[in-house]
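One structure is given below, encoded as structure tokens.
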Amino acid sequence: MSQSRAARRAAFILISPAVLLLLALNVFPIGFAVFISLRHWSLSIVNPPRFAGLFNYQELTLDDRFINSLSVSATFVLIAILAELVLGFALAFVFNSKLKGLDTLRKLSLLPVMAMPLVVGLVWFYMLNENFGVINWFVTLFGAERLPFLTDSTLAMLSIALADIWQWTPFVTLVIFAALQSLPEYVFEAGRMDGLTEREIFWRITLPLLRPAIVVVLIIRAIDAVRMIDLVFMMTKGGPGGATEVLPWYLYTTGFQSFDLGYAGSMAVVMIIIVTLGAQVFVRQIANPEKGR
Amino acid sequence: MFRKMMKENIRGAACILGATCLAFGASIPAHAQGVLDGKTIRILGIGDPVFQVMQQIHGDLEEIAGGEIQLDVRPFDVLHQQVLLNAQNDLSNYDLIAVDLPQFGEYRPFLTNLNPLIEENDYDGSDFHDVAWNGAQFGGNQLGVPLQPHPEIFAYRTDVFEKYGLDAPRTHDDVLAAAKTIEENEADMSGVCWNAARGTPIGQSFIMTQGDFGAAPIDMVKVGDDFDMGNIQPENMKPTIDTAEGEATLNYFLALLEVSPPGILNMAWDERVRVFAQGGCAMTYIWSGRSAIYELDEDAPARGNVGYVSHPSGPDSPNRSTLGGWYLSIPTNIDPDRVDLAWNVIEWLTSPEMIAEYTKHGNCVAPRKSVSADPEVIARCPVIPHVNQMAEDGFLQGWQRPPVPEIQKIVDVLGAESHQVLTGDKSVKDALASAQRLIDREMRKAQYY
Amino acid sequence: MVDITISGLSKSFGRVNVFDGLDLEVKDRTYVCLLGPSGCGKSTLMRIISGLDSADRGEIRFDGKNVDNLTCAQRDVGMAFQNYALYPHLTVEGNLRFPLQAPMQKGRWTQQEMRARIGEIADLLQITPLLHRTINQLSGGQQQRVSLGRSLIRHPKVLLLDEPVTHLDARLRYAMRSELKRIHNVMETTTIHVTHDQQEALAMADLLVIMREGRIDQAAPAMEVYGDPATSFVASFLGDPPRSLLEVELGETSGAPVARINGVELKLSGKLGAVANAAPGRNAILALPARAFTAAQADEPGAVLDGTVRAHEMIEGAQRIVLDVSGQKVNLHSSAIRHVVIGDRLRVFAEASDGMLFEGATGLRLSAN
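Protein chains in written order, with my numbering: chain L, 175 to 467; chain U, 2 to 450; chain P, -17 to 351.
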């Protein structure tokens, strides 16, 4: 009896650092966000914060800008992730072929990942600029009209997605490539023995075997894309109109430019809920499909 | 170690970059010698010309001051954040902070009253233009010393205007008519450059343009053509966005859009001046200090060909330009032992010699009468006498951006709503109603009424 | 259900010649074991037969028809891989069904037929209870069966087994051998089984093919290979413990043929003597089984080899010792157990009557005529 008590105490002591860390780094901030979201709290006002009940949440449901930012975020995540996955996949397969010189190219291709997103945003901002941008210079070289990359609703969204795709496709490639390299060659031989064409091997063997890697890279990229803010900050500030105002950017301007912490807090809470639910559904649906057919 | 090396490098670079070292040596104000006396001063600045100049000549400054100058330069929105967050600390991380004129209202509780220091040191502020010096006075307390106060004015290409026989634009209609003429005749030149980027840029454009119609964004008391900023009461906090003047403002924006250069919807402070400098547009709204961008650039087509007027006005309204720009202030939570040091540095950095020095490196602002009369300074910065004149005529005002804590929220809301009008996503009416509602909600939340 | 003829097959990887001009004939329904040390080319040969690799020169015929340009599937070959190569994302049933759904098989099987075929194979391999498990829930032996089942499901003309039981523990390995034979008897598929385990090969093969360094040293029924090795390599490769190979000089002492090692003379009597007499050269290799050696007492006189103990181990009621006799390795197997440590000197008698003689230069078997 006393021994089991000692064991339990030891267990508590052993897990306590991890629990404390979890409390300090996860539970407390989320709890605090909820706490803030239930108050009127503005750093810029001398008035002390005061309880607001669900006022901020109620406001959210009426706030067109908030609802717009949700759909903008969703659009961005969809475009960026899909393109990154498809391109990253294709590149991984190219790199996986044993052509000469690809090794160097593969190493070089990782450079964008190492760049600071803010810098990436700034560089793309200047490249896509209508007056000085090098890309529009090329466009005019071909006799075409300059394109409003950052001031047309559709193009601006695509431009931001493009910058994100430029930066993160190599990461997807890296993960898929690593997974490809670790796939056992014999399974493909088995497929060939069974009479599969190369295309069938891709769809029926390679793809299913890459599923865990795809799921991991999708989750990482999706979470990253949902909270993407740097590119919007550098490239469009959410414009034109609200065409690229993703949720984190609206949250940021509300919280850290207007210092409406309570309202921003309620957005943060909603964002946490969406991301958590999204990840849950995603993991259930994609990571664990019904066992093989 | 590394820091020291960097410092030396910067100093070296500054010296290599021309004869500034020698020239500068001659203009060292004697009383400033060794103002730091081995100590370190910590300044939180803004990425605007005056602080950028300080960064450029950082090595020389440290040598003169005889100590270390820690200068953190931040973009506008980040600076705003830093100031507010720093105010929450028990002890300030900075001895001096840069304050934008309209921010005094918001920062007021966090800023040291300089009156005792002024008296103690027998400091004379009368060399500053009255409007600049008084702008930092609240309830009789001087909260900052002008470093780079300058107005947003209107610049136009005199050569182009002459070519088409156009007069200096005094009204919105003049601007639009001139723009139309020029666009029709010049292939690669658009009419007007202005701040139309989403967020703070167009938000500020809105309230300044609303000022062109003689209206402020909140319901302040009108005194003559201007508003009483010294005594803003809670009932004055009601937004006045959804008004005839607000509507006229957005309609003017829509008209401007027709005569704007490409990419206007993403254009802000820096880009508009650069496009104007390179001849991309014939006119631009401009913070006067930034005129150095082309006046100091020998390759810029605009150099020496620019005329300046205060903001063109709407119908039946006086010409008014918004005064803004940067002051040096001391946060209230500064270590009391450092107050004197901070004051001495303020005195030094805002001295006539230093103000004149800044104009050499790309900051065309001279808030001191003694400096703005200096012919050498005027030769470098043709804009300075124009601004002087505007100040004397009473054209420079601050009420367009009332110094209230909610000003940034107002600008932010307007920055989002106006942009949607420009992209065609929202009607003028809807945008005004929506902005009015959002700001009203903010004021109610702050319990003004 | 097919004869396999391999002729003049050559294959090299870069500068490494795997084999050169290989010939082999396999009759229908034969169970062939390809045996040889690792690196001898046996796996490559099998992969070429399967169609996964192609030869540089030479040809392979199934029932007289050249199959060089046919894919694996067109050759109708089934293969069980050394590491099973099961599809980890599918269940056991999914793995078995997979080959039936390949494009070449499209339309050949109704759902019902597939189910029937899977049932039949699962019954044969006794894996019916496992059909709905995923692969990682299976033990090694079970995976082996599934792998076999997958290679058999289409009733291929040729079944290729690449070290099919190597990864199993001893008991399972033993059980699996008879299982494989049983399945072969039922299915009557021409089977090629690659292994490096001589016991396995001896126990299973109808036709035992011994390969070394890309050559076939001998291809014959298992017992023939064992009892009548064609080369000194084959002689030394088979047997447990393997036969010892001694380099000897053939000669005569008072009219009787002898083999000399380090001045020690071993009498070659009877048939062996005749072989020695007919040998073309004087240098030969004498292969002796382990039981031909007996340890001598320290001072016992006679034709005794003098060696140093290099290794020794105990096995059921007997002792094995590896001796170094002036550079030559002698395997000793005796039931008389004595205490030795590595480095001890040990003298052994050698009895040459069960020996075989091989030509020194070529390693080919010497015979009397």
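Don't be surprised by glycine CBs; every beta carbon is placed ideally from N, CA and C.
Are the Cβ atoms of U/LEU324 and U/GLY399 separated by less than 8 Å? Within the second sequence, the letter at position 323 stands for residue 324 of chain U. Within the second sequence, the letter at position 398 stands for residue 399 of chain U. Yes, Cβ-Cβ distance for U/LEU324 and U/GLY399 is below 8 Å.
Compare the Cα-Cα distances from U/ALA434 to each of U/ALA188, U/GLY247 and U/ASP300 and report the closest residue. As a first step, residue 434 of chain U must be located in the second sequence, where it is residue number 433. The option with the nearest alpha carbon to U/ALA434 is U/GLY247.
Residue environment, U/TYR286, which counts as buried when at least 16 other CB atoms sit within 10 Å: For this step, residue 286 of chain U is matched to residue 285 along the second sequence. The residue is buried, with at least 16 neighbouring Cβ atoms inside 10 Å.
Considering just the uninterrupted stretch of the beta strand (DSSP E) at U/VAL100, what are its terminal residues? Counting from one through the second sequence, the residue named residue 100 of chain U turns up at place 99. Note, U/VAL100: beta strand (DSSP E), 97 to 101.
Quick one: is U/PRO404 near chain L, going by C-beta distance under 8 Å? Here residue 404 of chain U corresponds to residue number 403 of the second sequence, with the count starting at 1. No - not a single Cβ of chain L is within 8 Å of the one on U/PRO404.
Taking only three categories from DSSP, how would you classify U/PRO240? In the second sequence, the residue the question calls residue 240 of chain U occupies position 239. U/PRO240 falls in the strand class under three-state DSSP.
Between the CA atoms of U/PRO406 and L/ILE334 - distance to the nearest angstrom: For the purposes of this step, residue 334 of chain L is taken as the residue at position 160 of the first sequence. For the purposes of this step, residue 406 of chain U is taken as the residue at position 405 of the second sequence. Those two C-alpha atoms are separated by around 33 Å.
Taking 8 Å as the CB-CB limit, is L/THR427 close to chain U? Here residue 427 of chain L corresponds to residue number 253 of the first sequence, with the count starting at 1. By this cut-off, L/THR427 is an interface position.
Would you verify that the beta carbon of P/CYS405 is, or is not, closer than 8 Å to some beta carbon of chain L? Summary: the structure shown does not reach residue 405 of chain P, with chain P confined to residues -17 through 351, and so no result is reported for it.
Using a Cβ-Cβ cut-off of less than 7 Å, give me the residues of the region 180 to 206 of chain U that come near chain L, in sequence order. ALA198, ARG199 and GLY200
Tell me which residues share the same chain as P/MET28 and place their Cβ nearer than 7 Å to its Cβ, disregarding the 5 neighbours each side in the sequence. Counting from 1 along the third sequence, the entry for residue 28 of chain P is found at position 46. So the qualifying residues of the chain are LEU16, LEU142, ASP144, ILE174 and VAL176.
Would you check if the region 346 to 360 of chain L and the region 387 to 395 of chain L touch, i.e. whether three or more CB-CB distances between them fall below 8 Å? yes
Return the residue from the list U/GLY326, U/TRP134, U/ILE42 and U/ILE347 that minimises the CA-CA distance to U/GLY68. Counting from 1 along the second sequence, the entry for residue 68 of chain U is found at position 67. Comparing Cα-Cα distances from U/GLY68 to each of U/GLY326, U/TRP134, U/ILE42 and U/ILE347, the minimum goes to U/ILE42.
Member of U/TRP195, U/ASP300, U/LEU350 and U/THR244 whose CA lies at the smallest distance from the CA of U/LEU62: Within the second sequence, residue 62 of chain U is the residue found at index 61, counting from 1. The option with the nearest alpha carbon to U/LEU62 is U/LEU350.
Below 7 Å CB to CB, which residues in the same chain sit around L/THR418 once its five sequence neighbours on both sides are set aside? Counting from 1 along the first sequence, the entry for residue 418 of chain L is found at position 244. The answer, listed in chain order, is VAL246, ALA330, MET331, ILE334, VAL406, THR410 and GLY412.
From the DSSP output, in three-state form, read off U/VAL310 for me. Your numbering for residue 310 of chain U matches position 309 in the second sequence. Strand at U/VAL310.
Cβ shell of U/GLY148 (< 7 Å), same chain only, five flanking positions each side left out: Start at 1 with the first residue of the second sequence, and residue 148 of chain U comes out as number 147. Before going on, a small fix: residue 148 of chain U reads as Leu here, not Gly. Cβ neighbours of U/LEU148 beyond the five flanking positions: VAL51, TRP327, TYR328, LEU329, LEU350 and THR351.
Mark U/GLY141 as exposed unless 16 or more other C-beta atoms lie within 10 angstroms of its C-beta, in which case mark it buried. As a working mapping, residue 141 of chain U is identified with position 140 in the second sequence. Exposed, because fewer than 16 other Cβ atoms sit within 10 Å of the Cβ of U/GLY141.
Determine which residues share a DSSP beta bridge with P/ILE297 and list them. Here the question's residue 297 of chain P lines up with position 315 in the third sequence. P/ILE297 is bridged to P/ALA300.
Give a yes or no on whether the C-beta atoms belonging to P/LEU78 and P/GLY131 are separated by under 8 Å. Position 96 of the third sequence, counted from the first residue, corresponds to residue 78 of chain P. Position 149 of the third sequence, counted from the first residue, corresponds to residue 131 of chain P. Cβ atoms of P/LEU78 and P/GLY131: closer than 8 Å.
Of all the CB atoms in chain A, is at least one closer than 8 Å to the CB of P/VAL8? Absent from the structure is chain A; the protein chains it does hold are L, U and P.
Indicate the three-state DSSP secondary structure (helix, strand or coil) for L/THR428 in the structure shown. Position 254 of the first sequence, counted from the first residue, corresponds to residue 428 of chain L. Helix at L/THR428.
Rounded C-beta distance between P/TYR129 and P/ALA67? I'm assuming under 8 Å. Translated into the one-based positions of the third sequence, residue 129 of chain P becomes position 147. Translated into the one-based positions of the third sequence, residue 67 of chain P becomes position 85. Per the sequence shown, residue 129 of chain P should be read as Ser rather than Tyr. Yes, they are in contact, since the Cβ atoms of P/SER129 and P/ALA67 sit about 7 Å apart, within 8 Å.
Beta strand (DSSP E) runs wholly inside the region 160 to 200 of chain U, at least 3 long, in chain order: 191 to 194
With a threshold of 16 other CB atoms inside 10 Å of the CB of U/GLU358, please say whether the residue is buried or exposed. Within the second sequence, numbered from 1, the residue matching residue 358 of chain U stands at position 357. Result: buried.
Proximity of L/ALA396 and L/VAL193 at Cβ, strictly below 8 Å: In the first sequence, residue 396 of chain L corresponds to position 222, counting from 1. In the first sequence, residue 193 of chain L corresponds to position 19, counting from 1. Contact flag unset, no.
Quick one: using the 10 Å Cβ neighbour count with 16 as the cut-off for buried, is P/ALA332 buried or exposed? Along the third sequence, read from residue 1 onward, the residue named residue 332 of chain P stands at position 350. Counting Cβ neighbours within 10 Å, P/ALA332 comes out buried, since at least 16 surround it.
Could you have a look at L/TRP548 and say whether DSSP puts it in helix, strand or coil? Residue 548 of chain L lies beyond the stretch modelled for chain L, which goes from 175 to 467, so this question has no answer here.
Measuring straight from C-alpha to C-alpha, what distance separates L/VAL260 and L/GLY416? For the purposes of this step, residue 260 of chain L is taken as residue 86 along the first sequence, with counting starting at 1. For the purposes of this step, residue 416 of chain L is taken as residue 242 along the first sequence, with counting starting at 1. Answer to the nearest angstrom: the Cα atoms are 28 Å apart.
With a floor of 4 residues, list each alpha helix (DSSP H) that falls wholly inside the region 309 to 396 of chain L, ordered by position along the chain. 327 to 356, 359 to 367 and 372 to 375
Can you list, in chain order, the residues of its chain with a C-beta nearer than 8 Å to that of U/TYR124? Leave out the 5 residues immediately preceding and following it. For this step, residue 124 of chain U is matched to residue 123 along the second sequence. LEU118 and GLU348, listed in sequence order.
Going along chain L in order, which residues have a C-beta closer than 7 Å to the C-beta of U/VAL276? As a working note, residue 276 of chain U is residue 275 in the second sequence. Think of a sphere of 7 Å around the beta carbon of U/VAL276: the chain L residues whose beta carbon falls inside it are ASN305, in chain order.
Contact list for P/ALA269 against chain L, beta-carbon separation under 8 Å: For the purposes of this step, residue 269 of chain P is taken as residue 287 along the third sequence, with counting starting at 1. Neighbours of P/ALA269 in chain L, taken as residues whose beta carbon is under 8 Å from its own, are absent, since the nearest beta carbon is some 38 Å off.
Would you decide whether L/MET441 is buried or exposed? Buried here means 16 or more other CB atoms lie within 10 Å of its CB. Taking the first sequence and counting its residues from 1, one reaches residue 441 of chain L at position 267. Burial call: buried.
Using 10 angstroms around the beta-carbon of P/VAL168, count the other beta-carbons present and answer buried if the total reaches 16, otherwise exposed. Start at 1 with the first residue of the third sequence, and residue 168 of chain P comes out as number 186. The residue in question, P/VAL168, is exposed, as its Cβ has fewer than 16 Cβ neighbours within 10 Å.
Pull up the distance between the alpha-carbon of U/LYS223 and that of L/LEU199, whole angstroms please. If you number the second sequence from 1, residue 223 of chain U lands on position 222. If you number the first sequence from 1, residue 199 of chain L lands on position 25. C-alpha separation (whole angstroms): 52 Å.
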